[in-house]
Each structure stands twice: as C-alpha cells, then as structure tokens.
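Protein chains in written order, with the working numbering: chain S, 20 to 522; chain G, 20 to 522; chain B, 20 to 522; chain R, 20 to 522.
Using N, Cα and C, we set each Cβ at its ideal position, and we do this for glycine too.
As the structure is a computational prediction, the values presented were derived from the model and not from experiment.
Protein chains: 4
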Amino acid sequence: MDANDKCGIFAAYDSKTAARDIYLGLHALQHRGQEGAGIVLSQGGNDYRVHKDLGLVTNVFSEKDLRHLEKDYCGDETPTFGLGHDRYSTSGEVTAANTQPFVATHQDRVISIAHNGDLTNAGQLKESLEEDGSVFSKSSDSEVILHKVIRADGGDPIKQIKQGLEGVKGAFSLLFMFSEGIGAVRDPNGFRPLFVGKRENPETSVGGTSYYFASETCAFDILGAEMIEEVPPGGGYFVSEDGLETFDISSDTSQGLCSFEPIYFSRPDSFYNGKSIHKTRVEMGKALWEEHPVEADLVTGVPDSANSATKGVAEAAGLPNEITLIRSHYTGRTFISPYQSMRDLKVKKKFNLVPDTVEGQRVVLVDDSIVRGTTMKNITQMFRECGAAEIHIRIASPPLTNPCYYGIDIPDPEELLVNRVDKEDLPEFFGADSVEYLSVESVRETVGEENCRACFTGNYPVEVDESERFTKDSEDTAWDEAPQANGVGPGLTHIEEPSDADL
Amino acid sequence: MDANDKCGIFAAYDSKTAARDIYLGLHALQHRGQEGAGIVLSQGGNDYRVHKDLGLVTNVFSEKDLRHLEKDYCGDETPTFGLGHDRYSTSGEVTAANTQPFVATHQDRVISIAHNGDLTNAGQLKESLEEDGSVFSKSSDSEVILHKVIRADGGDPIKQIKQGLEGVKGAFSLLFMFSEGIGAVRDPNGFRPLFVGKRENPETSVGGTSYYFASETCAFDILGAEMIEEVPPGGGYFVSEDGLETFDISSDTSQGLCSFEPIYFSRPDSFYNGKSIHKTRVEMGKALWEEHPVEADLVTGVPDSANSATKGVAEAAGLPNEITLIRSHYTGRTFISPYQSMRDLKVKKKFNLVPDTVEGQRVVLVDDSIVRGTTMKNITQMFRECGAAEIHIRIASPPLTNPCYYGIDIPDPEELLVNRVDKEDLPEFFGADSVEYLSVESVRETVGEENCRACFTGNYPVEVDESERFTKDSEDTAWDEAPQANGVGPGLTHIEEPSDADL
Amino acid sequence: MDANDKCGIFAAYDSKTAARDIYLGLHALQHRGQEGAGIVLSQGGNDYRVHKDLGLVTNVFSEKDLRHLEKDYCGDETPTFGLGHDRYSTSGEVTAANTQPFVATHQDRVISIAHNGDLTNAGQLKESLEEDGSVFSKSSDSEVILHKVIRADGGDPIKQIKQGLEGVKGAFSLLFMFSEGIGAVRDPNGFRPLFVGKRENPETSVGGTSYYFASETCAFDILGAEMIEEVPPGGGYFVSEDGLETFDISSDTSQGLCSFEPIYFSRPDSFYNGKSIHKTRVEMGKALWEEHPVEADLVTGVPDSANSATKGVAEAAGLPNEITLIRSHYTGRTFISPYQSMRDLKVKKKFNLVPDTVEGQRVVLVDDSIVRGTTMKNITQMFRECGAAEIHIRIASPPLTNPCYYGIDIPDPEELLVNRVDKEDLPEFFGADSVEYLSVESVRETVGEENCRACFTGNYPVEVDESERFTKDSEDTAWDEAPQANGVGPGLTHIEEPSDADL
Amino acid sequence: MDANDKCGIFAAYDSKTAARDIYLGLHALQHRGQEGAGIVLSQGGNDYRVHKDLGLVTNVFSEKDLRHLEKDYCGDETPTFGLGHDRYSTSGEVTAANTQPFVATHQDRVISIAHNGDLTNAGQLKESLEEDGSVFSKSSDSEVILHKVIRADGGDPIKQIKQGLEGVKGAFSLLFMFSEGIGAVRDPNGFRPLFVGKRENPETSVGGTSYYFASETCAFDILGAEMIEEVPPGGGYFVSEDGLETFDISSDTSQGLCSFEPIYFSRPDSFYNGKSIHKTRVEMGKALWEEHPVEADLVTGVPDSANSATKGVAEAAGLPNEITLIRSHYTGRTFISPYQSMRDLKVKKKFNLVPDTVEGQRVVLVDDSIVRGTTMKNITQMFRECGAAEIHIRIASPPLTNPCYYGIDIPDPEELLVNRVDKEDLPEFFGADSVEYLSVESVRETVGEENCRACFTGNYPVEVDESERFTKDSEDTAWDEAPQANGVGPGLTHIEEPSDADL
C-alpha cells in the first residue's frame, strides 16, 4: 500500500487568492515531497476544480493553470477555499494516478482529502469497507480514509470526520475539503505535524480573515500569515462560514511527533514545540559533542541538512566551524550514466571539497543521520584525498535500526548500515578514525519526552499487526500486488540518504 | 456525467506482443477518439500495469513506454493480454483522471474496463450502488459499470459480468480485463460496434492463436488478423486459457447500431453488416441523388469524410466527380488567433479550393452531415468566390434534430441548424441554390431496418428517463455538477462539425 | 553541401500583420518542407527580429511567439515586412543551425535570405569568396549567395542583388529582406517556382496594398490575396516604399520549371502555367492511359498524391474511379519499432484497403511516381491479399534515372528502382500483372516544352561540373565533410517515396 | 554587441569519453552561465559534431544526446577532443543562435571557439575585417575573434592563433578547436580565469594522459583531474599529438584578474592565486570587520554567496555566526505572478528567516556585494519584522560605481545603488542601523596588487574607446541595433543582484 510518507499538505479557507495561497504554501513545503503536486478548489457547493500532476509545484502549475483554476470556473464565483498536496518522490510510477488531493463523491457529498502519514490497520479497514460495498481505484490508504469519512453519517462535516475516523489507527495528519469548508485533523499521537494559522486579508468573502493549515510553519511565513497553534494530537479544526471550530477525535493522546521531523525532515525555519527546528538541531549537535568529544582542529558538516547540528557541535567543542563541502545548486533529476573512469558521479555532481581547508587537519565531520552510508563513505574518501589528518564522523541522531509504520520510507532493515556493519567496524567501513552517533536519550531530551523514536528503538507507540497492515499472506492479492505493479510497493523504500533531499 | 461517446476500444488475449498489438489497434481506431489513450496489461494474477495520458496514441506511448510496460514488469513473465482505450476529444479537461482503462480492486478481484457508449440509467444505478456503499472517484458512467461488475457475485468472470450488467440500460460496448482473461460484451441494442477477431501467432503462451476485440474491423487489418464476427447485440465473449466462450446478457435484442456509425464515425475501410462502410456510404449517396436530383455540371464533396457518398451521388447522377477541395495534411491542434483582416481561418487552414474547377459550373456539393452548418457556409462562400454558377448542397444523412442518449455528443438541440433555420431558408443561410438532405427512409433502407435513428426522429429504442440519467433536479448535485467542474458536462457538446475529425 | 531542396519560401511587404501573414503563407506551403521553419521581420532600418526552430510551422510558432515578434520589438513601430522559410525534412540534424532565414551583417547592411534551390557552382563560388576573405558558419549554399550579395556594391538593393548574383549558377528562387524592402528573384531557368501576389489591406503603413511572394499560389489563397504573375525566369522584383519594381538578372532565360513540381511537389490547388496543378495532373493521367491501356474493371490511386492523375486515368479509360486505399490522418513522426510478427508497419500505419472493393476485380493502380518502389510493393501485396484478380500499375511520370542538381533530393542512382530492376522484371518485382510509366514525351506535352526533365533524361539544362559543385576530391575537406558531420551530406538522399509526404 | 560575460568554458584533449568529460566540466561551471550550453567534438580531421541549445547542461544534453555525439558519428572513430561553453543567462532571446561554441570554415580550416570575456575594440576589428571581406552572422565579438584567427596565416595552429589575436584588445579567455587539437589562450591582463589540468586516463588514443582546460579548477575536481597551472596572462597552450606546448601572445602582461571573480563569480571551492576562493573571501570578511566594527550580538550572512565572507566577519568579530536565512532549494525559473496581497514574492520564494534567531538581537548582516539593493532591502525588512534590535549591513566588497568593459554585465551606472542614494542615506534606504562596505584598498590587499578593480574605481587597465567598442554614433547601425533586435543589447544589464545566482 502506498503510504503518504513525508508529504506536505496545505489548505486555505476564505481567500480570493486561494489558488495562489495554496501554491505558495506547497512551494514552501516542497522539501516534503517532490514527486507530484495537486490543488483542489471550491467556492462552496459540490462544484470543485482540481489540477494535479507529476513534478515540482513550479512545474505542475503555470500562471495559466492558476488562472484557469480561478477564472474558467463554472459559475461566476471565485473559488475561495481549497487544499493541496506535495507528494513524496517514488520511483517507477508510470501515471499520475496516485497524486493527491483525491476527490470522492457519495450520495450528496463531494469530499476531497490530502493526507500525510501511514495507517497501521489500513488492510483491516479496507477489508471491512469492501464487505460493505467499497470498491477501490487506487492503492493508497488515503482512499481508505476518504471512503470511511464520506460513508459516515453525514450532514455535519465535523460529525462525519469524527465518525469516519473511528477505528482508524496509525499516523495521519489530514485535510478535508467539504462543500461547507475545510477540516483538519491529526492522529492521537500526532506522528506527523500540522499547524493552523491566519492572516488578515481584505480579499475574503466573509470576515476579513483567511485561515490556513500547513504541515510546517514555514508555509505560513511565505504568505505573511501567523501560526495560531499546532493542531493538537487527537484534535481537529473545522473552518467554515461559522468561523473556526475545534473538536476532538480522541481523548487518549500524546505528543508523539516523529523524531525524524526535527532531525531531518522539517525545514530549519519551521517552528515546533516553542522553538525553531534550527535551534533544536543546534541542541542535538551540542549533545552529540558532549557525548562523543574528540581531539580535533575543526568541525564541518554536510550542507545544508547538517548545518544546524554542525553549528551545535562546533559551539560545544569550541572549535572553528569550517566550510569545506560546497553543494551544487544545479542537481537536477536527469543526469548522464556513470562511466568507467568516473566513479561516484552521483556524489561528485552534488558535493565538492574546498581543497585547502582540510589538509593536515583533524576533522570532525557532522551529518544529521545515516541510512545506508554510501554518500558519507564517498565524502570521507574526498576528505582523505585532500589530506585530512584524521576524520571523526559524528551523526546527530541515533543509529536507524527499525522500520517505521507511521509514515517514513525507511529501507528494509537488512539494508540499514548498522544492521549490516558492526559498530566497531564502522570506522573501517567509512575510512574514518571514529564514528559516533547521538544517543536515544539525548533525542528524548532535546526533542521531547513523548516523541516517537521507534525507528531507533523498536518501541512502537501504536501497536502494529502486520496482518492488518499488509495482506501479504491473505488471499487479497490484489491489494498486495497491484501496488507493486505500479512500482510502489508496500515496503517503505524511499529514503536513500537523508542528505540527498535535505531542506 | 461523462459519457464515453465515440471512443475506440481494443483488447488482445494471448500475444507476447500484447502491448504493441493494442498500441496498433488503438492507432487504427484513433479517429474514434483523440483526447487520450491508455493500455492496461496483465500476465494473469492480480498484477497489472497501466499507462495512460492525454494525447494521441503516438504521443502517449513512446517505444520506451512500451518496453517499460513489457519488460520492467514485476515478476518474470511478459504480459500476454490486456486492453486499451482511445478517448474522444473534449475541451477544458485539466487532468488525465478520466482517461480509460479504469482499474478497480475489490476483495480478491482486480478488474479493468474500457467502455464505449452512454448509459441511460447511470444516475439510478449510481444511487443504488451508493446506498450499498459505493464511493465514486470519477464522474463517469464507466465507473458505475465497473462497480456493478466487481461487486457482483464473483468466482466465474462470465457470471460476474452477467450479474453485474443486470439492470444496466443504454449503450455499452465493453471490454473487461480479469486475472483470468478478457471479457467483451455489447448492450442488447448493439448501439456501439464491437467485433472479435483472431490471428495465428507463434508468440503466444498457450495455443498459437491470439484473439482480439475491436470497435471496428480496420483495427484487425493493421495486425493482419481476421474478423471472426460482430459481437452480437446482447451477446458476450470471454477468452481465457480455456479458449473463446460465448454468453448472453439478454435474449431481447435488436440490431440497433447507431446510424451515425456508417454515416460518419466509422472508417470507410471497416466492415459492418456484410459490407464495407465505404459501400454503405456509396449507397447512401446514390439514394440521396435519387431523392434530390438537380440539373448540374459536376459533383464534388468535402474530403475525406464525404468521399464515399460523393462517389455514390456522382455515379447515380452520371456526372463527373470533380476534385475541388484540397484538405491540408497539417492541421494541428494549435493555431494562431484569427485577426481582423483574416476571416474564417479555421476553415481556410483546412480546405482550399482548386480555383479552375468550378468557374461557371453548376456544382453539386456533397457532405456526410451537417451539425451547426458553419463549415459548410464557409465552403459555399469559397465556391461562390471562385465563380461557381450554381451550388446545390446535398447532405448524405437526414437533418439532425434530437439529442443522442446512447453515446454521441450532439450539441444542444437549439444549436442544431435545422432547429434554428427553416428548411426553406437553408439555401439563403448557406448562400446556395438548393439544400437537400437524405431521407430517414433511405437511411433505414441502406443502413438497416433496426439501426438507431433517434437523432433524426426522436424515436428512442431504449426509454430515457431524464431523472434517472442526469440528476439535475435532484439533490445529488455532486453527481450533477462535479463533471461540469471538470469541464465535461452532462450535455453532449462535442461534435462541432463532422468534417472536422473525419476518418 | 546542404541544398535547399523543395523548401517553401514566402514574403510579405507592408502589412501590419506581416508576422501572421507569413505564418499563414508558410502553413499553406508546409508540404514543401516539414523539418523547420523561420520568420524574420523588419520595420525598416537595420533592426530585425528572427524566430526559427525545428518542427512544423504550428509547432515552431505559438500565438505568444507571434506576439513577441510583433510587440516586444525594439522601437515603437510594428514590423511591416519580412520573409519566412519552410525547411525540407532531413534526418540526423542535431541543431537548428541550418534553419532559414539566414541573416548576415556587413558594413552598413543587414540582409536576410530565404532560398529554394541548389547551386551547381557553389564550391567554386565559395572558394572565390574565401580568397576574398569570407568565413562561413554554415554548410549551406544559401550562405554563399548571402555573402555574394551583401558584399556586392551596395546602396541600391536591386544593384546589389544583380551584382551579387553574377556568376551564380544552378537553381535558385530567392527572397531577400533589405532595410528598404523585399527582393525576389529567380534563376534564368526558373527551376523552382516563385510568384508575386497582392491584397488590398487597410492595415498597411504606406499605400493600402500588401504584396506577397510565395513558392506556390495556394499560399496567396489562405490570405485572400490574388496572384499578379509568376516571377519570370531570370527576373526579379523589389518592393519598397517606392512600390513594386521589376528587374532582370539575365536575358538568356527559359521556362525550365522542374517537372516534378507538377508531378508531385506542388499542391494540386496551386496554379502554374495558366491552370491548376490538379488539371495538369489529370492531363498526365489521361496521357498515361492513352499510352498504356489495359483491359480492367476499375481504376484506383494512392491517396492523396495520385488523386488527380487517377481521375485522369479513369476518365480516359471510361472506368469507375474506385476508392480503395484509406489514408490515415494520424501518421505522426514517432512510431514504435517494427516487431517480428508485424511486417510493413510503416505502410500499414498509413494505408489500409477497403476490403470489398477489389475482390475478383482487374485493377488499374495509379501512383504519381516511383522512387525505390518499396511502398508500392507493399500496397500491391495488400491488393493481392484482398483478392484482386489482376493488378496493373500505372505511374503518371517517367522512370526516375538520374540525379537532380537543381534542388531535389533523389537517392543515389543505384538505389533508384529502374536502375536496379529491368523493365521486364518490374511486374514480378511488384507482384503485379503489368507496370507502365508515362513517357517523357507526354510530360513534355502536358507540362511544357522547356520544363526540366533531367532526372528522367540526363539532359541537364545547366552544365554541372562536379568539381565546382562538391569538392570531394579537393583538399577542401571542411566543405566536404563538415556537412556530413551535421548529418546532412552533399548527396541528395531525402526523397524516399513521394507518397510519404504528399500534399 | 553581445559580450560573453561570465561564461564557463571547458575543453578536453585525448579522452575517449571526451563528450562526458566536457559535460561534467560544464556542469561544474554551470554557476558561470545558465542560459545555454554547447559542446563541439572532433576525432581529428575537419569532421566535427556539435550540439547546443538553450537551458542548463542537464537539460541540453540527455544520455541519448551524448551517445549520439559519441557513436552516431560519421566515420568509425570515437571523437577524442572538443570544447564546451556555458552561456550566461540573458532575457528575451528567441533563438539559440548565439549559443557557443561557434564553428567556422574557411579554405582548408574548420575552427571552433568558446569565449569568456569582452573585447574593447571589437567594433574597430569588425570594421577592418569587413573591409577585407568578412560577413557576420551573429552579433557577438566571439565571431570577430573567430574570423581573425581563421583568416590568419594558416598551417600551424599556434601561429594562426598568435597572428589572429594581434590587435585584439580587452578581455578574452579563449578555447579553440582545430583539426590538430585544442588551443587555449588568455588576454595579457588575464581578466577572465583559465586553467590547464590533466588526468591519467587509460582511455586515450595517444599517450595515456588527458588534458583539460577550464574557467575554474572546480571543473577539474569533478573529473578527478589535477590543475597543472593557471594559464598565464598573455600566455597560451596548444595540445595535440605532439603533447602540450606553450606559447605567448604578449610579453606585456599583468595579473589583472577581475576582482569580482573572487568576490562573487567563482565557486568557493575553486583555486586562484595559491588558495581557494573560500579562503580569499574569509580574508575579505575579516578585513571588512576590521574596517567597520560595531557593537553587536551576532553575525549572519546571505546564503550561499556570502557564507565565506560571513565566516570571516564572525571570526574577526569573535561573535557567533548564526544561521538565520534559509535558502530554498526549489527556486526554478518559472513562478507565478505576484499578486496584490503578496509583496516581495521573488525574495520570499527564495529566503525565509528562522524566526527565533534575531529577536532582540543586534545583528551584523553580511552580503558579498550590492548592485541595486532591492533584495537586501527586503531581507532587512524580514529581520525587522522578526524583531531584530539593530541591523548592521556589511558588504564584503566596495560600492559598485562604474561599468565593466571586460566581461561583466553591470547595470547602467545610474541604476547602481550608490549612484542613486547618498552614502549617508543608505541606512534609511535599507531600514538598517548602519551600512558599510569593504574598502578598495582591502580588495587590493586580499585579492592582489594588479587585479582589476575598475568597476569600483573607474581606473581601466585597458583603455576603452567607446567609438571602437560600440558604434552607436557610427553609421554601422546593423552592428549596433541588430543585437538589440535579438534582445541582447550592448548595455551590460544582466547582473540584477549577485545573490540571485550564487554558486
């Protein structure tokens, strides 16, 4: 099943420039998903207009597309609310079919959905829905949620959302577009982020205030909007002509945000838990140094994803924070095949080393995380070739050991570096003098008591019954294999190296 | 609701070049739909691979796309069966969402569908399915059929098709892909064409014979396949490892093929009713002359759609069949805006008159049909400017007066020429000396006793309850308006002038 | 050297819609060249604006491109004159560098050129220009002419053209844009066509009349302009603020238009020598029948290029002109690779046979010309497979035996059918019952006494010294090989089968 | 005239992967020019193959294009040498005509050129060449050089280059491809950078060593090649079967590299003058602080172009180097139009501020240079809105006051900030507390005694006679205006804000 891992979602309510607001919000959230993007709009009623395709936001939407969404609308009114989705990059997709938002119609309802997360019991829910007559057209757990909600007892959108989400387990930050307005809701653990913001806006249809929902607060900044608050775990909002209402889908909640959000996914300029992601990363860098100090001449990091942690390490160490790796601004998707005399093109086209910064130096080399380790191995070799005297790798997160069931594409456990290479062999693997990781304990302290750290510990805050999640052993082979046929399997295989798609 | 009017459908069973066979079949059927194209393939089991997009077949599928469908398939086997769809051109579509084939999953079933036709009770069926739990993601009656079939009692594909189609009314030529093989079925009136063919083929997985289904027989010719027979109205085929089986979905059937198929839609080299469409058109031309002879010097027609009828008129009249209008081979979709000093660019970029063929001549000018009349008006003016002495317009079909509920996009009745201009004023409207149409009676005689002529007569062979078809006045506004939002409304508005997309 | 064979050229003088006029003219001449297109515009003075690229006119120029040419012009004035070029299709070109019009600057002159033809002494001229300092940037004889003219004694454009063309031998229909206006000139034999036309146009800057030059008169028709006359062989026109002036570049002239223009290249609706190309072709068809009658039941032709000749044959024979081959309207450039079980895809994707028209019939099958014979061989086979009793191939032109040095890409002589297969073996080669060609004498009679028939006879009206033309054996290897490097060699290899790009 | 300002040039000699080597070299130099790219290749002899187009290197060249350049070559040999060019971004270009490399043929020579720089006497040279017969097809001073060289006394490429460059004044780093090999030469002042490198490579045709020339040393790093040396001002190299030869074009030389190369253009990981550009920038940052210290809490810079200078400022100040501005990785070319309620979209889509880093802080804000000041003004406002207590702008280069005649597109002097706003009004203009620039003296000390600083001082190392450079007042209006017609005027207008295109 196609989990909507690490996507970006954004909604606007009551803005005569809703299409453009959402476009900008999705642009600011582009780092959360580069495969595809889509926007659905409404001016109330069951009319809607949707545009979505594979590619970056700036490729999917031209000025002409936006005007088309705004002006060629059936009816006379400008659409004033809607939602959008940045889809995480996958490989092998032939069509744009799985690009969100999804729209469904049922009886007198048209509902759209944008989803970030991954359900733990989608298989079970799907089976149950099918018994009650559902037919599915996509291999996505987001369609399961959409069916649950649109088939729930209607009338009041809030009731419908609450009833529809009963029994839905796992990770979900969700945006819904109803004919009445926009709903936003977050799972009881709050695995994936979601925020509500607002902006005084003379160009509204009702009250002079536009409301926004976004995966990260940086999407408010580009609009000049301000964050109202984080949508609380288990909590929801509905904004309509009646204004902003809150509701709960659960009282048993915890602050279980995925630790990888502050470690790697979120933009450093986004806010979480009262401070910027940047500041949290600086703290993790400081903790990393305190746990694993070493005699060295300088500290340096892999740009841009490790910039903040590196600053923390350097500050704690009292060592210079040297600029060594230069990151190319022109790393497009297409690139020539590697050829015999050129190794490591993928890394070389992205990073080059300032040659006179490391010769004879004892270097502390910081990265935010390690998945398979191939990029870091190539970087270490570059440092060696430029004459670094010692290389001490410091990773500002714990070793990645376990799969994530709440929305991150981590490779199969056996491919993870620490499951393949013994800790004491890591220096040799990298060609480094020492390799150390941040402790789980420090993540707990810097990120938060309740935050999900399952990928480091295997302690899963929401129970995962594999048989409810994937149906590999059931007879429901359609469910199992059809997604494979689309090149998007149930395995979560998409995070190669965090550094590859940072910020 | 989005009717699948005038589409082309094609399927292949048991050919190791199934992807290419379907590609060629869709290419031969391209005249039936130029908006989009898609292919879905299987090698058995619930795996499938689909590729579809907006555009002509040659644009949607590159050699690389075909190889991808064939070789990068999950598993080791080459897909050996599948189906494809040419979608009729519509305007304003923003996404490729409605491009067929559609795929749905339900319990242990994955079924794909390609549909040509238009249901008369889709609204009612949809409502009933929704009551039983269906949620829809597209605004297409093909999705209604797909839900009906996939939710029918399973196990045996033939049973499932038969049960699924119970209560489905209107026009449908359908192709289904099951994990077991390919099903083909046609509504009891046989409104839309469908044929079954075969070819000896060493590259099969089972028995050395490949089977094909196609909207028209010209699609068999490109493959060197031979027609077995027309799929009979109310009849069906299922081809699997067990070979070719036939079944019925109704015993109350008639030979009700749409008369517009021989008049305009089908290719002249396609076979129907024991002869080529070309020959039928020649007969219509002869009948036209016998009904409406006139003193004249030469006969000429609008190429290429009226070529056959013109030949019939000239033969019956014993007059020369002159080549006067030259049709450009380079009429792409994009073209510059008209400008003040240049009128009638749309017609002029397509047709030009051989200047020394009509001066001083009394011309019989033949076209296959007239919708709004604008193209013919411009053509008549060209003839006048080149000095034609008299212009006698002869149309090889009756006046178009009524909407079609079985799969053709005819403009709103009030836009149809004969509903706007009195018969006696037609010569003045066109600037012609006389204007005559073929009689309905002659259509009956040349095309067939039972063929549907509702658009000329208003006698609808399958009852149409508007309330079951569109739900304009119900509260089900989603159903009604959502398609509008997609730019494809329930109104059938897509046939501008038959001459624009002939052959 | 890259000859500008079979290109289309068009110019407009004094029209505020000059860009659009030229666009439409090039569109009407698209059959003369499909590889690339370009337009250069001026409003007087040495400013100009050029846009050109690979592709069809409708692909190269969007509405936005035209507006850009018209409005974003430096200065305030709308450009009111200019010229354009349709380039003949070649293979292997990597860049758009050889797309015309070419522009050159020299001292106080900016001159643009559009050329249709092929010089016989370009090598010699180039050498001489190089001795006098010329450096070339393209592998095109058009650049040689441009250098000759721009370096000629300036001041008066007419003088400059006349002096510049001294010593230039071979085939050239030329359009020049000077800052003063537009020049048009034709070689003394008039190998390639060129016409002058006019239109009353309120949107001019000077006198209310717009003047046009075009390769064929069909380009005037799309604009509603009328032909004034054929630019006479050895004659020229210059149109400027002073109106339309004529001049001569030679007094030793003949009406040597290439016979292949009426036979195949020109559109049937174009005018030449007092009648339409269509009528000339009908006459050739009649002559063909009179030379080679046969007992038969019906006449049919390869559409659309042989339509007119076929009509002539049928009329002379008193036999029915049957419609048998249906030509696809969707033969784009890209197509899948042929595969084992599918032979002759290239022909099959283009033509299909109406199956019930030829069974048991003795068929006279007409085409306009034969080059290598592969297409006709496949077509003959289709007729056989559909049961034709006899097939009598009649070609409405003489056998092609010799290379053309005046602007047509004929394959190497050894590839030409009649140089490979003895006349008596042709029926066996095609699988036909008889194969006959039109005599050269009949071409002389129907097309004109002086028209060039060198490709049929080897009698070249302008002497060709290979050493002056190509420099294969000289040391000027740059000239010889550089074009090869661009994939466009000096050999004229681009006419595969006339039927492939007809009309 | 179209100066080849700030382009990247690269050549390879004797590598069987020459096409790929050049591709990678151009990719590494992409920051020097993003408008277009091209490669020309040879295997010796006068054959060559060229591919060039508008766009980034990764867009212009697909894997297929590279294979085409390598394998579909005429003849059997793989091309083993060639050169390439990254063209600087300009606006309004309609065609790819001015994309380099340029190729010219003359007598027995084919020569290609790639040029970075700007001549000061191109007008005069052009006039003289025209008197001797030259005709020009482009509005580029590179074509003037190409004509000079190809028309020089031939035989020996080195002699031809030396003689051809006699009298050529201004800035030129040049690469030439002859049939014998690659030439590289630099003007006597060495305004634009050029380096020679080598790599042991088993895949050569001669001696096991591949030689490379590049605008910056970072292009050697991606290939694993090592720098041999900077091509000295007034010096040249020719590499052929005979190995690497050196020569001089002048004995009157100076180390006059443009100061803007280390300040802004070059990549920080490139080497110049014995150290990395990064280290030079750190020194400039230190000098900046020493000249203009201020009481503050933190130092921060505009990423990425000011990263190194900011590090220098922070180190000298002993203040924290805070990460405040986050630079988006997704700033493509296309973007929606600004709309009323959204100001400053251009800056906002590129930069966002980490909100909790500057509140209440006295901030030293560093940028590398200021042109018009609009970006910095918007950034300052962001800092104010986030509550910065004080903002002290420090620019790590002197005020830009004068035009550059040696290859940089600086806006018209009256648009330059310091020519519009008095120094004492700059804080008010920006909304800052203080604004200070680095002194020219410090540039001299950190960058080098002789480096060109004319844009800061108006002291031009090579005399500029406007009448020899542009011919605005001459009658040679073609030369003057034609480039305008191409949208690329003689004015140097292309550097908007250095931060917009940094590394």
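N- and C-terminal bounds of the alpha helix (DSSP H) containing residue i
{"i": "Arg-403(S)", "result": "393-404"}
{"i": "His-348(G)", "result": "Where His-348(G) is concerned, there is no enclosing alpha helix (DSSP H), given that its DSSP letter is neither H nor E."}
{"i": "Tyr-42(S)", "result": "37-47"}
Cutoff 7 angstroms: residue i Cβ touching any chain G Cβ
{"i": "Ile-41(S)", "result": "no"}
{"i": "Lys-365(B)", "result": "no"}
Residues near residue i in its chain [Cβ-Cβ closer than 8 angstroms; skip 5 each side]
{"i": "Glu-245(R)", "result": "Gly-216, Lys-217, Arg-218 and Phe-239"}
{"i": "Val-462(R)", "result": "Ser-278, Ile-282, Met-303, Ser-416, Pro-417, Asn-470, Arg-472 and Phe-475"}
Which listed residue (the options) has its alpha carbon closest to that of residue i
{"i": "Asp-375(B)", "options": "Leu-384(B), Ile-342(B), Ile-398(B) and His-348(B)", "result": "Ile-342(B)"}
{"i": "Val-204(R)", "options": "Ala-415(R), Phe-80(R), Gly-254(R) and Lys-25(R)", "result": "Gly-254(R)"}
{"i": "Ser-285(S)", "options": "Cys-405(S), Arg-51(S) and Gly-227(S)", "result": "Arg-51(S)"}
{"i": "Ile-427(G)", "options": "Leu-435(G), Phe-279(G) and Glu-469(G)", "result": "Phe-279(G)"}
{"i": "Thr-329(S)", "options": "Phe-475(S), Ser-388(S) and Tyr-107(S)", "result": "Ser-388(S)"}
{"i": "Gly-450(R)", "options": "Met-196(R), Ile-410(R), Leu-457(R) and Gly-202(R)", "result": "Ile-410(R)"}
{"i": "Leu-75(S)", "options": "Tyr-231(S), Gln-53(S), Gly-64(S) and Phe-232(S)", "result": "Gln-53(S)"}
Contact with chain S by residue i, beta-carbon distance below 7 angstroms
{"i": "Lys-569(R)", "result": "For residue 569(R) there is no data in the structure shown, the boundaries of chain R being 20 and 522."}
Cβ of residue i within 7 angstroms of any chain B Cβ
{"i": "His-70(G)", "result": "no"}
{"i": "Ala-123(R)", "result": "yes"}
{"i": "Phe-100(R)", "result": "no"}
Terminal residues of the beta strand (DSSP E) in which residue i lies
{"i": "Val-382(R)", "result": "381-386"}
{"i": "Arg-51(S)", "result": "Where Arg-51(S) is concerned, there is no enclosing beta strand (DSSP E), given that its DSSP letter is neither H nor E."}
{"i": "Glu-409(S)", "result": "409-414"}
Cutoff 7 angstroms; reference residue i; Cβ partners in own chain excluding five residues on either side
{"i": "Thr-36(B)", "result": "Glu-222"}
{"i": "Thr-97(G)", "result": "Lys-35, Gln-62 and Glu-89"}
{"i": "Val-6(R)", "result": "Because chain R spans 20 through 522 in this model, residue 6(R) falls outside it and cannot be assessed."}
{"i": "Gly-243(S)", "result": "Arg-218"}
Within-7 angstroms CB hit, residue i to chain R
{"i": "Phe-430(S)", "result": "Checking the sequence shown, residue 430(S) turns out to be Pro, not Phe. No, no contact with chain R."}
{"i": "Phe-197(B)", "result": "no"}
Spatial neighbours of residue i in its chain, beta-carbon cut-off 6 angstroms, leaving aside the 5 residues before and after
{"i": "Asp-363(S)", "result": "Asn-397"}
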